[in-house]
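Take a look at the structure below.
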Amino acid sequence: MSVSPPPSPTSQSPNSELPWGTRWLGVTGLLAPAGLWLLLLLVLPTLVIFQLSLVPNIRPGDVVIPSGIENYLRALEPANLGVVLRSLKLAIGTTLLCLGLGFPVAYWIALLAPQRWRNLLLLGFVLPLWTSSLLRTYAWIAILRPTGVLNSLLGIVGIPALDILNRPAAVLVGMSYSFLPYMVLILYSSLEKLDRQLLEASADLGATPLQTFWKITVPQALPGIAAGSLLVFITSLGDFIDPELLGGASSMTVARLIYNQFLGQTPNWGFGSALSMVLIFAVSVAIALLLKYGDSSATQR
Amino acid sequence: MTETAPTPQPDLDHPDSPDFPLDMAHSSFKPRLSWQSVFVGLMFVFMYLPILVLVVYSFNESAYSATWEGFTWQWYEYLLSDARIFAALRNSLTVAISAVAISAVLGTLMAVGLARYRFPGRQLYLGISYLPLIIPDIAIAVATLVFLAAVGFSLSLWTIVAAHIVFCLAYIAIVVSTRLADLDRNLEEAALDLGATPVQAFFQVLLPQLMPGIVSGCLLAFVLSMDDFLIASFTAGAGATTLPMEIFSRIRTGVKPDVNALSAILISFSGILAFVAEFVRYRSEAKRR
């Protein structure tokens, strides 16, 4: 789940003293099986859909001859561009919601809760991740539907019923719910390492709690904020289940559009492949931005 | 993070310790009923409300209304007499167990290889090993389907296994490599110095130390494989319906009381699984201290 880079060993590897032949055998034996699998079922397939995305109006049984970028241009047609923009808006909205809701939770567990309860509290918060994501989203249908739990509760208090199921707002609720635990996990691991002596020093030197928060806590937690936001952004950008089950016809997203190109009523594999490439491209851009600006903000400290 | 000198850290968590600053005993570090804790409490309610709703409704007499109409076991009886659910569960378990078993071997070998050897193209290999975690599921699903169709491979239950191995091995490799990073390398070097072959050193020294990492990686991969809907529905052959696919086909048309019962059962199982996983992790961490 975490996108943190693997720790690179600093010391010389013990195996570097082995004879060349044994070394080569070791590298191949350890890395070839997984490498071949990834090559065959991940890298090659991605190249194949890239090739297919360049074939406009493909029909089953046609010979695949890359001949143009019509499929990509089709993604820019107003209706499809609207879908892309809606996906981006929903992903950004989910990221902001998760950050806004998740930061106080991670902060409280990492800094304010009694120490011996911290691990248990964190574990308790992310425990729902262990249950089926499909069923957790399904539960929101029961809560948000017009005669559901939410409106029954609102009815008791005397607030008029809300009709948000099958609207983008329901997708936002469902996605925030689905991805909040990831955000809290990443923010927690970043806030846990916070240098508490800086907080004390800041308070001793007369800073208000709000000043301390913005000038000491937030800058130190910035790498965690960036990593958590990136993770939630890319997962919600590619999410299919929440928009499909909670969004209704009014919230078509890129993932749903891609799904329809393959398993829907009128398949178009070329267009679907082009949309998949657009999605992969968008995710790559988000990661590149994090690597570029995430690192510089981390080293400025 | 910054390296700190190994000076004893002031004990800020016990108000009676001499290190505890006086003014802090009454301010920010003492847990109390503040707006923060109320907010966090509400967030816990938010996380558990949907689960609670599913469990409560699985016992509700009325199938479609939100109001409580009395206690019943009928949805559970209904569910237990449903052969399709059991067939789907069997398919899901077959996929998850096969994919995790193969990925455990491939992922562990990969993590060890990447940690122990420098070679040209290592960065590229490392980058590709992260792709399954980064590329959205829908794109992986599409790519796998198109590729299998292009090479004329007919879809079945085993094509789901092949596709699941891709992300399972990536997750297992990540978990194993974090464990590898804080292992004592001297043990392995000592084994080699004492005349063990690299293969002996791997099986008798390294592997036992990696076991907790492999086990928790496998649990994670198992849960993700059981949970996967998108990749399975793109790579499944006729009749190879997994549990998430079966659930999806039932719930896309609205609330189903027997699915509520199924949810309650699955939630109990995953609760037990989570407990076992945390227990294994806790034990291995306690042992290392």
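Respectively, the protein sequence lines represent chains A and B.
Here the working numbering is used: the first sequence runs in plain steps of one and ends on residue 301.
Here the working numbering is used: the second sequence runs in plain steps of one and ends on residue 1289.
Where a beta carbon is used, it is the ideal one built from N, C-alpha and C, also for glycine.
Nothing here was measured: the structure is a model prediction, and the numbers come from that model.
Is residue i helix, strand or coil when you go by DSSP?
i       : result
B:N1060 : strand
B:F1153 : coil
B:F1071 : strand
A:A113  : coil
B:I1251 : helix
B:Y1117 : coil
A:Q51   : helix
A:T265  : Reading off the sequence, residue 265 of chain A comes out as Gln, not Thr. In the structure shown, A:Q265 sits in coil (DSSP, three-state: anything other than H, G, I, E or B).
A:I164  : coil
A:F125  : helix
A:I69   : coil
A:G272  : helix
A:I186  : helix
A:K215  : helix
A:N260  : helix
B:R1185 : helix
A:R118  : helix
A:R145  : coil
B:P1136 : coil
A:F281  : helix
A:N151  : helix
Among the residues of its own chain, which have a CB less than 7 Å from the CB of residue i, if the five just before and after it don't count?
i       : result
A:I234  : V283 and A286
B:A1104 : I1172, I1214 and C1218
A:F179  : T94, C98, V232, T235 and S236
B:T1007 : Caution is warranted here: a pLDDT of 42 is assigned to B:T1007, below 50, making its placement in the model unreliable, and the coordinate value is therefore given only provisionally. If we look at B:T1007 and ignore the five residues flanking it on each side, it has no Cβ neighbours.
A:P66   : Q51, L54 and V55
B:A1099 : V1161, H1164, I1165, C1168 and S1225
A:F240  : A255, R256 and Y259
A:L172  : L90, G93, T94 and L97
B:I1251 : V1259
A:Y138  : L245
Judging by CA-CA distance, which residue of the options is the nearest neighbour of residue i?
i       : options                               : result
A:G272  : A:P66, A:L120, A:I49 and A:L88        : A:I49
B:G1127 : A:L42, A:L25 and A:M252               : A:L42
A:W37   : B:F1248, B:T1241 and B:I1165          : B:I1165
B:F1275 : A:L73, A:S67, A:N71 and A:L129        : A:L129
A:L135  : B:L1033, B:F1279, B:F1039 and B:V1055 : B:V1055
A:F281  : A:W24, A:A34, A:V149 and A:Y72        : A:Y72
A:I186  : A:A170, A:S229, A:T147 and A:A203     : A:S229
A:N304  : A:P56, A:L162, A:L291 and A:P33       : Lying before the first or after the last residue shown, residue 304 of chain A is absent from chain A, which here runs from 1 to 301.
A:I225  : A:G100, A:A79 and A:A274              : A:G100
A:L47   : B:A1190, B:L1145 and B:L1180          : B:L1145
A:S276  : B:A1115, B:L1210, B:V1142 and B:V1038 : B:V1142
B:V1053 : B:V1280, B:I1267, B:E1278 and B:F1279 : B:I1267
A:L40   : B:L1148, B:F1046, B:R1084 and B:L1042 : B:L1148
B:G1041 : A:R23, A:Q115, A:L121 and A:A79       : A:L121
CB of residue i to nearest heavy atom of the ligand SAM: below 7 Å?
i     : result
A:L85 : This structure simply doesn't include the ligand SAM, nor any ligand for that matter.
Can you give me the Cβ contacts of residue i inside the same chain, cut-off strictly under 8 Å, excluding the 5 residues immediately before and after it?
i       : result
A:F125  : V105, I109, P181 and V184
A:Q12   : Unreliable positioning characterises A:Q12 in this predicted model, as indicated by a pLDDT of 45, which lies under 50. The coordinate reading is nonetheless provided below. Answer for A:Q12: no residue qualifies.
B:L1131 : A1170
B:M1245 : A1088, F1229, A1232, S1233 and A1236
B:P1198 : L1192
B:Y1282 : none
A:L150  : I143, L144 and L162
B:L1114 : R1122, Y1125, L1126, S1129, A1173 and S1177
A:L290  : A226, A227 and L230
B:L1133 : F1167, A1170, Y1171 and I1174
Cutting at 6 Å between CB atoms, please list the residues of its own chain near residue i, excluding the five before and the five after it.
i       : result
B:T1072 : E1061
B:A1096 : F1222, S1225 and M1226
B:M1076 : Strictly speaking, residue 1076 of chain B in this sequence is Tyr, with Met absent from that position. Answer for B:Y1076: A1261, listed in chain order.
B:T1094 : none
B:S1027 : The pLDDT assigned to B:S1027 is 46, lower than 50, so where the model puts this residue is not dependable; a value taken from the coordinates is nonetheless given after this. There are no such residues.
A:A170  : L144, I164 and L246
A:G68   : P56
A:A201  : none
Checklist entry - Is there contact here, the region 240 to 260 of chain A with the region 96 to 104 of chain A, by at least three beta-carbon pairs under 8 Å? => result no
Checklist entry - Can at least three beta-carbon pairs, one atom from the region 1229 to 1240 of chain B and one from the region 1118 to 1132 of chain B, be found at a separation below 8 Å? => result no
Checklist entry - Quick one: any contact between the region 1120 to 1139 of chain B and the region 1180 to 1188 of chain B, if contact means 3 or more CB pairs under 8 Å? => result no
Checklist entry - Quick one: any contact between the region 209 to 225 of chain A and the region 1087 to 1106 of chain B, if contact means 3 or more CB pairs under 8 Å? => result no
Next on the checklist: Check whether the region 200 to 214 of chain A and the region 71 to 85 of chain A are in contact - that is, three or more C-beta pairs closer than 8 Å.
Outcome noted: no
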